[in-house]
Amino acid sequence: MKLQSIDWVVIISFFIALIAVGIWGHFKNKNSNDYFVGGGKIPWWLTGISHHVAGYSGAVFVAYAGLAYTHGFSIYIWWALTIGISVLATIKLFPVRWVRLRKNFNIQSPLEYLSVRYDIPTQQLMAWSGVLLKLFDVGAKWAAIAILMKVFTGIPIIYGIMLAGCISLVYITFGGLWAVIVTDFIQFIVQIGAGIVMFLAVISKLGGFNSVFTLWKQLPEGNSHAFNSPYTVGFALAFLFINTLSYNGGTWSLATKYISSPNEKTTKRAAFLSGTLYLIWPLILFFPMWAAPVILPGLADPTESYGILTLTLLPAGFIGLILASMFAATMSMTAGDANTISAVITRDILPALSHRFKITEQSRSLITARIVTFTFTFCTIIIAMQYESFGGVLGLIVAWFAAMVGPISVPMLLGLLPAFRTCGPRAAILSIVGGILTFIITKTFSCSFAVEVGFPMFISFIIYVLFGFLNRKRKIDPKIIDMLTVLNKESKQE
243 MKLQSIDWVV IISFFIALIA VGIWGHFKNK NSNDYFVGGG KIPWWLTGIS HHVAGYSGAV
303 FVAYAGLAYT HGFSIYIWWA LTIGISVLAT IKLFPVRWVR LRKNFNIQSP LEYLSVRYDI
363 PTQQLMAWSG VLLKLFDVGA KWAAIAILMK VFTGIPIIYG IMLAGCISLV YITFGGLWAV
423 IVTDFIQFIV QIGAGIVMFL AVISKLGGFN SVFTLWKQLP EGNSHAFNSP YTVGFALAFL
483 FINTLSYNGG TWSLATKYIS SPNEKTTKRA AFLSGTLYLI WPLILFFPMW AAPVILPGLA
543 DPTESYGILT LTLLPAGFIG LILASMFAAT MSMTAGDANT ISAVITRDIL PALSHRFKIT
603 EQSRSLITAR IVTFTFTFCT IIIAMQYESF GGVLGLIVAW FAAMVGPISV PMLLGLLPAF
663 RTCGPRAAIL SIVGGILTFI ITKTFSCSFA VEVGFPMFIS FIIYVLFGFL NRKRKIDPKI
723 IDMLTVLNKE SKQE
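Its first residue numbered 243, the sequence shown is counted upward by one per residue in my numbering.
Spelled out as structure tokens, the structure:
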């Protein structure tokens, strides 16, 4: 089934809206502080929605749809529920500290505080590792968008990469974080609309609203269970541990959402909104995916289930809406990543390379920010266009990025807490190295899924804590003590 004219109108209108927001965002930026963290003036509801949608990508409609088809309800438990719990349970712990860092230490990058908390070499190790691997991670996401576009429209992948990448290049470069946040809101509205349309289409196909309750008896054995091997209780607990660090700032772009909040009260509201949405919205979004084995039994490739449902159940116009929501989910992640990585390059890497990049003039800081953003995003598009040349190497690098995010997030997040004040540069570096080596070992010996996912971060945590304990009698730099004291002090003026 080919897209109709009305579907193209919906998709093109969506892309035009993104470009328009980028142009609007251009006039909101006077300096790099506006560009990277919105001047610390982003409303809580925009921050919360942006934080929420940044956790989705095209993988939800492809890989996760496949898991919902084969393993049922368990995907809600180990993915959405663990994220919701991890965000809601730590509202007063991590989000507020990111705001305090911006207000008290003028940070614009989530890694900027690490030069004081540890030292410059530790900061640079984290920065370079994350930036280089993120080039390929974002490139892979452009390729994923293009593959989705090819399935629905027949457009060659290379043109799909150019279309999605270049549109994002425009609105990210011009608008900065303001454009990213507002387009996230647009993408959220598109995703909600598309998700509700698909939900209603599926329950209509199944015979009415009662199917929400009666569906589960019709599913294959195990699909209605909370845990369905290999997605066991251990796997869910591992993901809870990972998500607690990742969604509180271990994923750098999510830290930026909190940093951009005006104060502690608003960032707590934002975290509450995001966490609550993770508990509620996936129940509606995933329902068609859970129902797919009943409507489309015996699919050879379960990852195609959501796409086939869309083409089978929805009329012209609504198919374009669903496709736009798939683009929206992935573009939200790529835009947030590009903005935050550009902040890391501008604020952390370039000044360490040369004093010429320690910019104080507002106009020069904004020009540098835009040049870096354009260059980074352009490079990710070039990498995506060469995805066939990388073959398995690209997949390997993306896997390595996923492996490094966990170990890097341990010293990054725990370094904010006074309880770990004795954990210095050595603890940070060794915890990262230990986590990566553990990842290699689990891959080599084909360990269980839960061990492969959670063990690298767990080992990083153990090493970090252990070295902190061994160094408990060492003298701590007064600057670190002062920083942790400020971060631990709740603001009364809100």
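Think of the CB as a built atom: it goes at the ideal place given N, C-alpha and C, for glycine as much as any other residue.
Quick caveat, the model's predicted, so the values are computed rather than measured.
Ala542 is classed as exposed because its beta carbon has fewer than 16 other beta carbons within 10 Å across all chains shown. The beta carbons of Thr509 and Val341 sit closer together than 8 Å.
Bounds of the alpha helix (DSSP H) holding Val338 are 337-347. Using a Cβ-Cβ distance cut-off of 8 Å, the segment 420-436 and the segment 267-275 are in contact, since at least three pairs of beta carbons, one from each stretch, lie closer than that value. Contact annotation: Tyr413 and Thr425 have beta-carbon atoms nearer than 8 Å. In the same chain as Thr415, and ignoring 5 residues on each side of it, the C-beta atoms closer than 8 Å to its own belong to Gly264, Arg612, Thr615, Phe616, Thr619, in chain order.
Leaving aside the five residues that flank Ala513 on each side, the residues in its chain whose CB is nearer than 6 Å to its CB run, in chain order, Val329, Ile333, Pro337.
Bounds of the alpha helix (DSSP H) holding Gln429 are 399-448. By the Cβ criterion, the segment 524-540 is in contact with the segment 444-453, since at least three pairs of Cβ atoms, one from each stretch, lie closer than 8 Å.
With a contact defined as Cβ atoms closer than 8 Å, Ile399 and Ala388 qualify at about 4 Å.
Burial check for Gln460: the Cβ neighbour count within 10 Å stays below 16, so the residue is exposed.
Annotated as distal: Ser371 and Gln365, with beta-carbon spacing of 8 Å or more. Annotation for Gln366: the continuous alpha helix (DSSP H) segment containing it runs 362-395.
Listed in chain order, the non-local C-beta contacts of Ala310 below 6 Å within the same chain comprise Ile317, Phe528, Met531, Trp532, local neighbours out to five positions each way being set aside. Cys665 counts as buried, since at least 16 other C-beta atoms from the protein chains shown sit within 10 angstroms of its C-beta. Here Phe709 has Cys665, Arg668, Ala669, Leu672 as same chain residues with Cβ atoms under 7 Å from its own Cβ, once five neighbours each way along the sequence are excluded. Just so you know, the alpha carbons of Trp320 and Tyr473 end up roughly 7 Å apart.
In the pairwise beta carbon analysis, the segment 484-500 is classified as touching the segment 649-657: at least three pairs are separated by under 8 Å. Excluding residues up to 5 positions away in sequence, His293, Ala296, Tyr489 lie with their Cβ nearer than 7 Å to the Cβ of Leu496 in the same chain. About 5 Å separates the CB atoms of Phe481 and Thr324; that is less than 8 Å, so the two are in contact. Burial state of Asn275 is buried, judged by a 10 Å Cβ sphere holding 16 or more other Cβ atoms. Shown here, Tyr298 sits in coil according to DSSP, grouped into three states, outside any helix or strand.
Here the alpha carbons of Val728 and Ile253 stand approximately 47 Å from one another.
The residue from Leu367, Asp361, Val675, Ile583 with its alpha-carbon nearest to that of Thr622 is Ile583. Of the other Cβ atoms in all chains shown, fewer than 16 fall within 10 Å of the Cβ of Val475; this residue is therefore exposed. With distances taken between CA atoms, Phe315 lies nearest to Leu457 out of Ser567, Leu457, Ala566, Ile723. Taking all protein chains shown into account, Leu374 has fewer than 16 neighbouring C-beta atoms within 10 Å of its C-beta and is therefore exposed. For Asn581, the uninterrupted alpha helix (DSSP H) run begins and ends at 560-586, by DSSP. Each of Gly648, Ala566, Gln628 was checked against the Cα of Phe378, and the nearest Cα belongs to Gln628.
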